[in-house]
Amino acid sequence: MQLIIIRGVKCLIQVQDLTKTYNGKVQAVKGVSFEVAPGEIFGFLGPNGAGKTTTVRILSGLMDPTSGTATVAGAPIPGDRQQLHRLIGVLFENSYLYETMTGKELLQFFGDLYRQPRKLVDELLELVEMTPKANELIKKYSKGMKQRIAFARALLPQPRVLFLDEPTSGLDPASAVRLREVVRETAAQGTTVFLTTHNMDEADDLCNRVAIINEGVIVAMDSPTALKESFSDRTIAIMMQDGTNNILTLNDPDLNQKMAALIGQGVVKINTVEPSLEDVFIRMTGRGLQ
């Protein structure tokens, strides 16, 4: 398989001037371009209606773009969807599972469709820590257990690129932590992970880079750390003797005068408030999380 090489890096995803217009009027995606490297966990973030889902549907072969091109693991888009689907795995937020099957039966069924050895099913059950429950009916599983089985199913084609849509939504904290660990392990083996999530803490924790899309346009793209440093104002929280808190930004031209005035009133504690990825998101989109 021929991979595109950009600036010395083999890109498993390359998107160039991608657009999507519905009914000839509504332009959901407006000339989006980006590249994703092997083993990278790439977050694709945006408010509802920003073009996020449309972009993912195009890249996973569920719809064609209006214009522009993309390459996913060497497969051109638009192009042969069967070729593409042999190279990717997809986990949607509400994945349908055959609940009258056991977890192992489900994976064996799909493994046979992908012509994978039965040994791979056992390895994936071990990876998602579902071996002890493998022979129980899926309808008896908790939501976290179902999500882990769905994740294992997405890995059955041994994908070069894995698309994850809100993978930990609705999971209890322990299940969410374990699933994030599996995502990291998957990426460490060279699989590119394309993650969409409304959980900014999750994106900050998992992603090497994130892109923020708003109204069909990518408005920011970098590592979470770089984005927080570049797009958010650093602030300090000043606790007063009367229990009130005052928040000041470090780039305020009147910072020294304001600090002096507060100190004269009796300061108990001063803390630096680090910016969050959610702060960046709100600043770049003008909207909170939905």
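Numbering (our numbering), first residue to last: 51 to 340. Ideal Cβ positions, reconstructed from N, Cα and C, are used throughout, including at glycine.
Take Gln158 and list the residues in its own chain whose beta-carbon comes closer than 6 Å to its own, dropping the five residues that flank it on each side.
-> Here residue 158 corresponds to residue number 108 of the sequence shown, with the count starting at 1. Taken in chain order, the residues that qualify are Val171.
Give me the Cα-Cα distance between Asn98 and Ala125, rounded to the nearest whole angstrom.
-> Residue numbering aside, residue 98 sits at position 48 when the sequence shown is read from its first letter. Residue numbering aside, residue 125 sits at position 75 when the sequence shown is read from its first letter. In a straight line, the C-alpha of Asn98 is about 28 Å away from that of Ala125.
Specify, as a first and last residue, the run of the beta strand (DSSP E) that Lys80 falls within.
-> Sequence index remark: in the sequence shown, residue 80 carries index 30 (1-based). Val76 to Val86 is the extent of the beta strand (DSSP E) around Lys80.
Would you decide whether Gln197 is buried or exposed? Buried here means 16 or more other CB atoms lie within 10 Å of its CB.
-> By 1-based counting over the sequence shown, the position of residue 197 is 147. Under this definition Gln197 is a buried residue.
Classify Ala125 as helix, strand or coil using the three-state DSSP reduction.
-> The residue you call residue 125 lines up with position 75 of the sequence shown. It is a strand residue.
Leu62: which of Ser145, Pro209, Glu186 and Ile286 sits nearest, CA to CA?
-> The residue labelled residue 62 in the question sits at position 12 within the sequence shown. Nearest option by C-alpha distance: Pro209.
Nonlocal neighbours in the same chain, by C-beta distance under 8 Å from Ala87, ignoring five residues either side | On the sequence shown, position 37 is the one that residue 87 refers to. These residues qualify, in order along the chain: Val59, Lys60, Cys61, Leu62 and Thr242.
Looking at C-beta atoms only, is the number of pairs between the segment 258-266 and the segment 67-82 that lie closer than 8 Å three or more?
-> yes
Residue range of the alpha helix (DSSP H) that includes Ile332 | Along the sequence shown, read from residue 1 onward, the residue named residue 332 stands at position 282. Unbroken alpha helix (DSSP H) run through Ile332: Leu327 to Thr335.
Ordered along the chain, which non-local residues of its own chain (more than five positions away) have a Cβ less than 7 Å from that of Asn185?
-> Counting from 1 along the sequence shown, the entry for residue 185 is found at position 135. Thr152 and Lys154.
Express the C-alpha separation of Gly194 and Leu221 in angstroms, rounding to a whole number.
-> Within the sequence shown, the letter at position 171 stands for residue 221. Within the sequence shown, the letter at position 144 stands for residue 194. Cα to Cα, the separation comes out at about 5 Å.
What did DSSP end up calling Asp215 once you bin it into helix, strand or coil?
-> Start at 1 with the first residue of the sequence shown, and residue 215 comes out as number 165. Looking at Asp215 - three-state DSSP - the assignment turns out to be strand.
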